[in-house]
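Chains as they are written, first to last, in my numbering: chain A, 3 to 257; chain B, 3 to 257; chain C, 3 to 257; chain D, 3 to 257.
No residue lacks a Cβ here, since even glycine has one placed at the ideal position from N, Cα and C.
In what follows, a single structure is set out as structure tokens and then discussed.
There are 4 protein chains.
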Amino acid sequence: MKKKIETAETIKIIPETTEEAIQQLVMANRILANEGVLDTFGHVSVRNPENRKTFLQARSISPYEVTEEDILEIDFDGNVLTETAMLPYGERIIHGALLNARSEMNAVFHGHPAAVIPFSVTDIPIKPVMHLGSFIYQGVPVYDDYEPDDGMLIRKKSEGERIAKHLGEHRVQLLRGHGCNIVADHLPQLVASAIYLRDNATVQWQALLVGKEPKYISPEVARVAMQMALFGPMPTARSWGYWVARVKANMPDME
Amino acid sequence: MKKKIETAETIKIIPETTEEAIQQLVMANRILANEGVLDTFGHVSVRNPENRKTFLQARSISPYEVTEEDILEIDFDGNVLTETAMLPYGERIIHGALLNARSEMNAVFHGHPAAVIPFSVTDIPIKPVMHLGSFIYQGVPVYDDYEPDDGMLIRKKSEGERIAKHLGEHRVQLLRGHGCNIVADHLPQLVASAIYLRDNATVQWQALLVGKEPKYISPEVARVAMQMALFGPMPTARSWGYWVARVKANMPDME
Amino acid sequence: MKKKIETAETIKIIPETTEEAIQQLVMANRILANEGVLDTFGHVSVRNPENRKTFLQARSISPYEVTEEDILEIDFDGNVLTETAMLPYGERIIHGALLNARSEMNAVFHGHPAAVIPFSVTDIPIKPVMHLGSFIYQGVPVYDDYEPDDGMLIRKKSEGERIAKHLGEHRVQLLRGHGCNIVADHLPQLVASAIYLRDNATVQWQALLVGKEPKYISPEVARVAMQMALFGPMPTARSWGYWVARVKANMPDME
Amino acid sequence: MKKKIETAETIKIIPETTEEAIQQLVMANRILANEGVLDTFGHVSVRNPENRKTFLQARSISPYEVTEEDILEIDFDGNVLTETAMLPYGERIIHGALLNARSEMNAVFHGHPAAVIPFSVTDIPIKPVMHLGSFIYQGVPVYDDYEPDDGMLIRKKSEGERIAKHLGEHRVQLLRGHGCNIVADHLPQLVASAIYLRDNATVQWQALLVGKEPKYISPEVARVAMQMALFGPMPTARSWGYWVARVKANMPDME
């Protein structure tokens, strides 16, 4: 396991080419599988650095199995631009809608971590209860405006637009009885957001059961904590390096 | 771990021969062990495609250890048809009774996942609280009509018939203080049902503790969600492919 | 991982020689470590088949690391009979006292599984809530008569005798704020008891939180379930074979 | 996995040279990662045996990845004395402040185990509920005097001094909505403290939910239990040996 150690100086966080984005996207898939955030279902995407009106995403396959050959280029309406017979995810429309609406964001997560779903079916909102969960300081709205006939899946362009409107300027939204969507500046930040959203939800749930109202972190403090503790260059490089090292140790084909 | 990736087009979901059914059954056993749904106890079966009045099931051995040589052919009364000295599971009668009563179903699960047992000893029914748990939208009845002298095991033909009658047209029944039975169209659907029954129970339990009455998914919506999100061809192929890939990575003899 | 599969017919449950008992004891240690029941602390012992007034137990080392060279022969007063400089466990006195008092039992467990400790510091007794937990149907008393100056450790012969008297005819006792002791007919039964005591405690805790009074299993039914579902020859062989297979897969030196 | 077994006699607990301290520090990092106490974030340090006014600590990297080349020498004001371009942890100031204030202690932990955070945001103090958690018998105060603009991170010398004053003569302090600091005589004791603080918090949380006020361990008994059950030479050697064996089994580069 003698790893080449990468540092804040040497880890490339912002991909400049489609090729670099694909490599990072494969790693993001593997990390989310390896850390138990995604199982069969759920998916991530990244804006194409060479065409900001398209995004990159795996074909219909579990994140655990994704390789570079599985990555498709897709436009915001969900059309697969890659010439291939491979099938895309049904819910790719979420990714197109959010990248279209949030031009300052470049990466999207959709998944179903068990720890967050209880907050989507009760009246208790997720709030930051630990500094590493600070990035949700603007609130986590719960979407509940599903298309009647789509079985709680987001598959139509019109519903994608509703989802985007509901997210607004937030970073995270829950989908009632389903899961959550997250947007981020880049994939390493997206992975950190998915992992610490789950961890914050777990700790908040534990705190709610044992005490009365937990002492939440105020939006003012959380905004600073988000930048310093999680999203700054040093924590971003450190956490991405850590998750990459674990993938390399656990998944022989990624070594 | 460079895996040959199988897709919705190439994965065979419905076995056509006894041989194919045996191979799929071994894999189903290993998946349920690998995903932590079954430990020593519990078992799965599949209807024999070459004789719909018999089923295939491992001899008395943990699902973790099952190989092709361990599979027996058994009739609905529990008689072992394979010429062998190997011993069958005591509770094989469950499988015969349910396959007999439910001719449209081809696979049966019996197990004791910890997350579901609390719902068998309290007055709170399991209900779908997340879209991947939608397949239980018709309700999950709790059986509590044990034979007095059988130590809560289902071993007599007459009790097998009571079990089948109690299940009725449902897909899942709990056994009070014991575990659950599940029926499905085929083994990949059965495995998905067992895994997401557990996950739905976990999330429902978490939601019940933190909130008041959770917002359950209505039967109408759940019926559609079941087909689109979990039981349709694409999610079936994706999830089975994922669980197979994890077995191959974790169990060297299955590579 | 092509395992030689052992069956109810071929697995030897009752050791006849000291050598056989030592081999089984090493495996019991490894299983309890591998299944997460014991960490650094806690220990198991087995009565010496060649001298029923002594028992076999590892030197002061974690169960995870135990090998045949680490096994000591000890008398019921805690004297180490093996000629060695190796140090015994401080709490070996528990094992001597229980084997002395319970001549029909041949194996003793002492450990601190997290799931059982809450029941030792509250007024709620552990009771069978699932059929695999039936073996505690006679009740699980909580010991709270510690020697004032021994820091809650059981190290004096007089306290060993109090422990044995407190256990009486039960199979399991909790030690307040500390852990539990278990006695069994043989090591495979002891391992099964330790694992399913933990699992029953987990499920009981989950049931207590979500419902009102759970439906416990009556002593009459539990007595039968214990024999049929867990302690009979077939479940004993199946579960021991399963745990051995997992040790062999996870611990290269035990292959 | 044939391990060279180390015993209370052969395991060196107190390093005498900088080199020995570095080796032990690398192992402590790996243990805390391997046992799930630290993820990306959090860090440990040890006083330099060759210069008691400095300490040793990894550069800004996850504990999972730390090797001997990553260790820096740092003074109590946070100045990096090692000639290197490698970046230190932002919160190294905690370690300097606590080692400066507590001259009898030689090792410091800062981390964010999920099990303890609920106790930092509710009114319920962590107390010893199991004998292995006895070392917190003097109480666990909760720090809540953060610098307004530092995002809940401890980065200024003045705040380090407040942290040290708040800790006083305790061994553990929580940081509200953030995590905990622990001091110990040496690294093996520090690792044991971090692991059993987490385990005690878990059991206490479980006990609080299921019962009324748990029976806590009195300070008088706990003080003795701490020495006999966890911090004495035999349990120290046994537990460190165990955690080292697990690192060697799981991390090929540490074999």
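**Request:** Give the residues of chain D in contact with A:ARG32, contact being defined as C-beta atoms less than 9 Å apart.
**Result:** The contacting residues do not exist; A:ARG32 stays about 16 Å from chain D at best.
**Message:** Pop quiz: C:ALA247 and B:GLU67 are said to be a contact at Cβ under 8 Å. What is the actual Cβ separation, rounded to whole angstroms?
**Reply:** 5 Å
**Message:** Residues of the stretch 110 to 135 of chain C in Cβ contact with chain B at a cutoff of 8 Å, in chain order, please.
**Reply:** PRO130, VAL131, MET132, HIS133, LEU134
**Item:** Residues of the stretch 151 to 177 of chain A with Cβ closer than 9 Å to any Cβ of chain B, in chain order
**Value:** ASP151, ASP152, GLY153, MET154, LEU155, ARG157, LEU177
**Request:** Could you work out which residues of chain A lie near B:PRO216, taking near to mean beta carbons separated by less than 7 Å?
**Result:** VAL123, THR124
**Prompt:** Assuming D:ILE73 and D:ASN183 make a contact with CB atoms under 8 Å, what is their CB distance in whole Å?
**Reply:** With 8 Å as the limit, D:ILE73 and D:ASN183 do not qualify as a contact, their Cβ atoms being about 20 Å apart.
**Prompt:** How should D:ARG200 be labelled, buried or exposed, when 16 other C-beta atoms within 10 angstroms of its C-beta is the threshold for buried?
**Reply:** buried
**Prompt:** Quick one: does D:ILE219 have its CB under 9 Å from some CB of chain C?
**Reply:** yes
**Request:** Excluding the 5 residues preceding and the 5 following C:GLU85 in the sequence, name in chain order all residues of the same chain whose CB lies nearer than 6 Å to its CB.
**Result:** none
**Message:** Are the CB atoms of C:VAL48 and C:ALA87 within a distance shorter than 9 Å?
**Reply:** no
**Request:** Note the first and the last residue of the continuous alpha helix (DSSP H) segment covering B:ASN81.
**Result:** Per DSSP, B:ASN81 belongs to no alpha helix (DSSP H) and is neither H nor E.
**Message:** Mapping the DSSP letters down to three states, classify A:TYR145 as helix, strand or coil.
**Reply:** strand
**Request:** Give a yes or no on whether the C-beta atoms belonging to B:VAL205 and B:GLY135 are separated by under 9 Å.
**Result:** yes
**Asked** Helix, strand or coil: how does DSSP classify B:HIS112 here?
**Response** strand
**Message:** For a contact defined as C-beta to C-beta under 8 Å, what are the partners of A:GLY213 on chain D?
**Reply:** PRO120, VAL123, THR124, ASP125, ILE126
**Asked** Straight-line CA distance for D:HIS112 to D:VAL28?
**Response** 15 Å
**Message:** Threshold first: 3 residues or longer. Then list the beta strand (DSSP E) segments lying entirely within the stretch 168 to 196 of chain C, N to C.
**Reply:** 174 to 177, 181 to 186
**Prompt:** Checking contacts by CB at 9 Å: is C:GLN208 closer than that to chain B?
**Reply:** yes
**Request:** Please check if any C-beta of chain D sits within less than 9 Å of the C-beta of C:TYR258.
**Result:** The structure shown does not extend to residue 258 of chain C, since chain C spans only 3 to 257, so no value can be given for it.
**Item:** Residue ranges of each beta strand (DSSP E) within the stretch 47 to 74 of chain A, 3 or longer
**Value:** 53 to 60
**Message:** Is it buried or exposed, C:LEU40, if we count other Cβ atoms within 10 angstroms and call 16 or more buried?
**Reply:** buried
**Message:** I want to see whether chain A comes within less than 9 Å of B:GLY1, judged by CB atoms only; does it?
**Reply:** Because chain B spans 3 through 257 in this model, residue 1 of chain B falls outside it and cannot be assessed.
**Asked** Hey, how far is the Cα of A:VAL110 from the Cα of B:TYR218?
**Response** 27 Å
**Request:** Would you check if there are 3 or more beta carbon pairs closer than 8 Å linking the stretch 174 to 194 of chain C to the stretch 238 to 256 of chain C?
**Result:** yes
**Item:** alpha helix (DSSP H) segment containing C:ALA87, residue limits
**Value:** Note, C:ALA87: premise wrong, no alpha helix (DSSP H); not H, not E.
**Item:** Within chain D, partners of A:ALA227 - CB distance below 8 Å
**Value:** GLY153, MET154, LEU155
**Request:** Using DSSP bridges, identify the partner residues of B:ILE76.
**Result:** B:PHE57, B:VAL82
**Message:** Can you check whether the C-beta of A:MET230 is within less than 9 Å of a C-beta belonging to chain D?
**Reply:** yes
**Prompt:** Listing by chain order, which chain C residues have their CB less than 8 Å from the CB of D:MET236?
**Reply:** SER62, LEU89, GLY92
**Message:** Please return the same chain residues whose Cβ sits closer than 6 Å to the Cβ of A:TYR139, not counting the five positions on each side in sequence.
**Reply:** PRO130, PRO221, ALA224, ARG225
**Range of the contiguous alpha helix (DSSP H) that encloses B:ARG94** = 94 to 103
**Prompt:** Would a check of beta-carbon distances place C:VAL205 closer than 9 Å to chain E?
**Reply:** Absent here is chain E; the protein component of the structure consists of chains A, B, C and D.
**Message:** Using a Cβ-Cβ distance cut-off of 9 Å, determine whether D:GLU8 contacts chain A.
**Reply:** Confidence at D:GLU8 is low in this model, with a pLDDT of 49, below 50, so the placement of that residue is unreliable and no value is reported for it.
**Message:** Short of 6 Å in beta carbon distance, which residues of its chain neighbour C:ASP147, apart from the five on each side in sequence? Order them along the chain.
**Reply:** ARG164
**Prompt:** Counting contacts by CB-CB distance shorter than 9 Å, is B:MET3 in contact with chain C?
**Reply:** Legend: pLDDT at B:MET3 = 35, less than 50; position of this residue unreliable, value from coordinates given subsequently. Chain C, which has no Cβ nearer than 9 Å to the Cβ of B:MET3, makes this no.
**Message:** For C:THR20, report the span of its alpha helix (DSSP H) as first-last.
**Reply:** 20 to 36
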